[in-house]
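**Q** For our numbering, count along the sequence shown from 1 and bump the result up by 918. All C-beta atoms in this analysis are idealised placements derived from N, C-alpha and C, irrespective of residue type, glycine included. Handing you this structure, nothing more for now.
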Amino acid sequence: MTIDYAHARELMVEQQIRPWDVLDIRVLDVLARLPREAFVAETHQKLAYTDVELPLGFGHKMMKPVIEGRTLQALDLQPGDEVLEIGTGSGYLSACIGALAREVLSLEIQPELASSARANLDRTGLGTNVRIETADALNWTTERRFDVVVVTAAVDTIPSHFVSLLRPGGRLFVIRGTSPVMEAVLVKADGSTESLFETDIEYLRGAAPAPQFQL
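Shown next as structure tokens:
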């Protein structure tokens, strides 16, 4: 059976994302246009627009569409923004960010995922303003500063290193806390923090809570 992906995208936006208070027209337009099915494994393409996390391999998962929508809206991306994405995954969110911002530098710790994401972006003709670098963001250093930093996996506590990568007036989106109840927050360069919503996603490698020993 042939799937009408354009119709599936429309249903995703109208039945999943918009009802979860994602009302930014620019974000809704991007999510309605970009082919999410092209960024998942062929065996999961029929599930590309469902409200589930999809496996990417190597223990990583693609966030639910509603989380991606809420993330993009929270970032309030502007055409001149330079963005650092921590966790490339499939490259889908990278493409969405690239459609809304000037430039994206995306860090991916898993070389195979970085390569696959680049292939996805090239194959779809998206992400010409997206650069992918294989790196461990927790140990990555640069003199460059960004308007926006977005972390696509959870952290137990927010590394101060991530905040230091912001330009004055910049903002950091990250999901923090302990599973199964985590909090998505927007952290400003001045240190102020805005609570956005609750969710539960996988941890960034190296950023999970220390194991608790019980007697």
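Run the CB neighbour count on residue 929, radius 10 Å, all protein chains shown included, and call it buried at 16 or more, exposed below.
**A** Under this definition residue 929 is an exposed residue.
**Q** Tell me whether the beta-carbon of residue 1122 lies closer than 8 Å to the beta-carbon of residue 1053.
**A** Contact: no.
**Q** Just the Cα atoms here: how many angstroms apart are residue 1013 and residue 1127?
**A** Near 30 Å, if we compare the C-alpha coordinates of residue 1127 and residue 1013.
**Q** Let me know the secondary structure DSSP gives residue 1097 once reduced to three states.
**A** Residue 1097: coil per DSSP, three-state reduction.
**Q** According to the neighbour-count rule (16 or more other Cβ atoms, all chains shown, within 10 Å of its Cβ), is residue 996 buried or exposed?
**A** By the 10 Å Cβ count, residue 996 comes out exposed.
**Q** How long is the line joining the alpha carbons of residue 1041 and residue 953, rounded to whole angstroms?
**A** Taking the straight line joining both Cα atoms gives about 11 Å.
**Q** Quick check on residue 1008: does DSSP put it in helix, strand or coil?
**A** Coil, per DSSP.
**Q** What ranges does the beta strand (DSSP E) occupy inside the stretch 1079-1125, keeping only unbroken runs of at least 3 residues that lie completely in it?
**A** Counting whole runs of 3 or more residues, the stretch 1079-1125 contains the beta strand (DSSP E) stretches 1084-1096, 1099-1106, 1111-1117.
**Q** Just to confirm the assignment: which complete beta strand (DSSP E) runs, minimum length 3, are found wholly within the stretch 971-1029?
**A** The qualifying runs are 972-975, 978-980, 1000-1004, 1021-1026.
**Q** Could you check whether residue 1125 and residue 1023 sit closer than 8 Å to each other, using their CB atoms as the reference points?
**A** No; because the gap between Cβ atoms is not below 8 Å, this pair is not in contact.
**Q** Note down, in chain order, each residue of its chain lying with its Cβ closer than 8 Å to the Cβ of residue 992, except the 5 sequence neighbours on either side.
**A** These residues qualify, in order along the chain: 1091, 1102, 1104, 1114.
**Q** Quick one: grab the DSSP three-state call for residue 1052.
**A** Three-state DSSP puts residue 1052 in a strand.
**Q** Could you tell me if residue 983 is buried or exposed, where buried requires 16 or more neighbouring beta carbons within 10 angstroms of its beta carbon?
**A** So residue 983 counts as buried.
**Q** Quick one: what does DSSP say residue 1070 is sitting in, helix, strand or coil?
**A** Here residue 1070 sits in strand by DSSP.
**Q** Please report the Cβ distance between residue 1050 and residue 1026, rounded to the nearest whole angstrom; I am assuming they are in contact, meaning their Cβ atoms lie under 8 Å.
**A** With a Cβ gap of about 6 Å, residue 1050 and residue 1026 count as contacting.
**Q** I need the straight-line Cα distance from residue 1009 to residue 1129, nearest angstrom please.
**A** Straight-line Cα distance between these residues: approximately 31 Å.
**Q** Which class does residue 1065 belong to by DSSP, given the choice of helix, strand or coil?
**A** Reduced to three states, the DSSP call for residue 1065 is strand.
**Q** Quick one, which of 1080, 1093, 936 has its alpha-carbon nearest residue 1109's?
**A** That would be 1080, whose Cα lies nearest to the Cα of residue 1109.
**Q** Taking the alpha helix (DSSP H) that residue 950 falls in, what are its first and last residues?
**A** Run containing residue 950: 943-951, per the alpha helix (DSSP H) assignment.
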